[in-house]
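Report on the structure given below.
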Amino acid sequence: MSDLYEFQLTLDMPDSLPASDLALLRWHLGESREESQESDAYPLLAARGPAARIGGTLVGDLARGGRGWALTVRQEVHPDEFDRLRELVEWIAARASTCGNIGYLRFLEQDVPDVLIADPASGTAQRLPLTSGSADRDLIPDPWG
Numbered sequence: 005m006s007d008l009y010e011f012q013l014t015l016d017m018p019d020s021l022p023a024s025d026l027a028l029l030r031w032h033l034g035e036s037r038e039e040s041q042e043s044d045a046y047p048l049l050a051a052r053g054p055a056a057r058i059g060g061t062l063v064g065d066l067a068r069g070g071r072g073w074a075l076t077v078r079q080e081v082h083p084d085e086f087d088r089l090r091e092l093v094e095w096i097a098a099r100a101s102t103c104g105n106i107g108y109l110r111f112l113e114q115d116v117p118d119v120l121i122a123d124p125a126s127g128t129a130q131r132l133p134l135t136s137g138s139a140d141r142d143l144i145p146d147p148w149g
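Here the sequence shown stands for residues 5 to 149, where the numbers follow the numbering used here.
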């Protein structure tokens, strides 16, 4: 049994994102050689290559596009990282131009992920559990059943 989770983000951020915000994102993506101000900090979105346990590959990319900046991330995370990850996701959500579903978090041994919802207007992000058999399941219509 493993404690790993699959973590994914896919969202857009405005073209007007300040240089300091871009620098922090790039640091978390492992694209910067600068040291963190915090002694125990490490990039949370920097893993690349084959995933150790969840299958597929680990990615993290920030690219400028027609709607500003596009961010796509897929990482394996451990619950010990959840506090720092939650802070980062809330920080990203406060700057996002994407409203609503921005990603998900799925325990390795589960089939159904928890959805990550952003509300840039309030600068918040929420984790919405959609566990099999829960009342929340009705929030996503089932076209087959």
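Every residue gets a Cβ at the ideal spot worked out from N, C-alpha and C, and that includes glycine. The structure presented is a predicted model; accordingly, all values stated were derived computationally and were not measured.
The C-beta distance from residue 129 to residue 77 rounds to 14 angstroms, too long to meet the 8 angstroms contact threshold. Ranked by Cα distance from residue 32, the first of 71, 48, 61, 112 is 48. Annotation: residue 44 is outside any beta strand (DSSP E) and is labelled neither H nor E by DSSP. Look at residue 96 here: in three-state DSSP terms it is helix. Residue 124 and residue 20 have their C-alpha atoms some 15 angstroms from each other. Put simply, of 38, 66, 54, 55 the residue whose alpha carbon is nearest the alpha carbon of residue 29 is 66. When the alpha-carbon of residue 23 is set against those of 8, 99, 88, the nearest one is in 99. With 16 or more other CB atoms across the displayed protein chains lying within 10 angstroms of its CB, residue 97 is buried.
Close CB contacts of residue 25 within its chain, under the 7 angstroms cut and outside five residues either way in sequence, are with 99 (chain order). Shown here, residue 27 sits in a helix according to DSSP, grouped into three states.
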